[in-house]
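In the numbering used here, the protein residues as written are 976 to 1255. Beta carbons are placed, not taken as given, at the ideal position from N, Cα and C, and that holds for glycine.
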Ligand code: SF4
């Protein structure tokens, strides 16, 4: 059996940075070190960091003193205000991904210049909820271009969640263009996502079976699985090698592996080991 691994599979820049900052913070003090929600969308990495002392809280108000490591999705305006009020009682280590910060800057430009904002993304994702809070949620959030209401608009600003598919973003531009007098587009899909998705698509075209490795709630992993499935029906989204079944590989000659931005390299190695042990 031939095994192909996508070049950029595994941790992205933003996730690596967040984990390193969390570890660095824990090495200074394990006391009262928090993240707001899981630091990344991978339960195994979260559990590992919890063992080292990192506590996950659901609300910023649960933190009365200590250190908060802000995860790569960033935080909302209200959460930021709470932390400002807490002053020196809560110190902040900001691991917001620079791509998310850039998206916020673009959103604020659109808001300031009076554009009606259309935001391609999942309204329940923490990155989207966080960013939109800075513009008082004044945006139309949509998941596919077909959901954009067909009417006439004057000034429209189009922007995207960092992990959306470039192809869907492009179709959103095409849908909006004939409807608007003016359309301003900021492509805020992060570079890592674009490359990873392109590689996954290419790989799915040349193998018999694709494995997409990563957390079931990870938005970027789910997108990778969707993209691979469009090319290859035999695509499996798994969280770890333990989810693999021998029966999937009967008669399979070429296997492709890709992994979401929050999947550690070791998990990929475990999948490779499983495949090698199939003895085919
Ligand atoms: S997927 Fe992109 S935006 Fe999200 S953390 Fe990674 S590098 Fe940053």
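My output table needs one value for residue i: the three-state DSSP class, helix, strand or coil.
i	result
residue 1234	strand
residue 1097	coil
residue 1246	helix
residue 1050	coil
residue 1157	strand
residue 1210	strand
residue 1251	helix
residue 1219	coil
residue 1164	coil
residue 1143	helix
residue 1170	helix
residue 1186	strand
residue 1181	helix
residue 1191	coil
residue 1150	helix
residue 1198	helix
residue 1228	coil
What residues in its chain sit with their C-beta under 7 angstroms from that of residue i, if we drop five residues either side in the sequence?
i	result
residue 1195	1138, 1168, 1235 and 1236
residue 1028	1001, 1005 and 1008
residue 1096	1103, 1116, 1135, 1136 and 1139
residue 1040	1007, 1064 and 1065
CB residue i to CB residue j, shorter than 9 angstroms?
i	j	result
residue 1208	residue 984	no
residue 1140	residue 1202	yes
residue 1081	residue 1134	yes
residue 1229	residue 1177	no
residue 1132	residue 1085	yes
residue 1074	residue 1093	no
residue 1098	residue 1121	no
residue 1217	residue 978	no
residue 1068	residue 1011	no
residue 1158	residue 1126	no
residue 1219	residue 1192	no
residue 1015	residue 1190	yes
residue 1051	residue 1105	yes
Is residue i close to the ligand FMN? I mean its beta-carbon at under 8 angstroms from any heavy atom of the ligand.
i	result
residue 984	The ligand FMN is absent from the structure shown, which contains only the ligand SF4.
May I have the straight-line CA-CA distance separating residue i from residue j, to the nearest angstrom?
i	j	result
residue 1038	residue 1058	9 angstroms
residue 1161	residue 989	20 angstroms
residue 1165	residue 1136	9 angstroms
residue 1046	residue 998	12 angstroms
residue 1214	residue 1087	42 angstroms
residue 1243	residue 1145	31 angstroms
residue 1025	residue 1032	11 angstroms
residue 1231	residue 1210	9 angstroms
residue 1102	residue 1109	12 angstroms
residue 993	residue 1072	8 angstroms
residue 1246	residue 1226	18 angstroms
residue 1090	residue 1128	10 angstroms
residue 1023	residue 1130	48 angstroms
residue 1163	residue 1013	23 angstroms
residue 1113	residue 1181	43 angstroms
residue 1143	residue 1003	44 angstroms
residue 1179	residue 1233	9 angstroms
residue 1111	residue 1056	14 angstroms
residue 1030	residue 1107	26 angstroms
Return the chain-ordered list of same chain residues with a C-beta closer than 8 angstroms to the C-beta of residue i, the five sequence neighbours on each side being excluded.
i	result
residue 1100	1048, 1136 and 1194
residue 1172	1140, 1141, 1198, 1199 and 1202
residue 1253	976, 1221 and 1224
residue 1077	1163
Enumerate in chain order the residues of its own chain whose CB-to-CB distance from residue i is below 6 angstroms, with the five nearest sequence positions on each side excluded.
i	result
residue 1054	1035
residue 1240	985
residue 1170	983
residue 1212	1187 and 1200
residue 987	1167 and 1236
Give the list of continuous alpha helix (DSSP H) stretches no shorter than 4 residues that lie fully inside the segment 989-1047.
1018-1026
Any chance you could list the beta strand (DSSP E) runs of at least 3 consecutive residues sitting entirely within the segment 1056-1138, in chain order?
1065-1069, 1091-1095, 1115-1117 and 1128-1135
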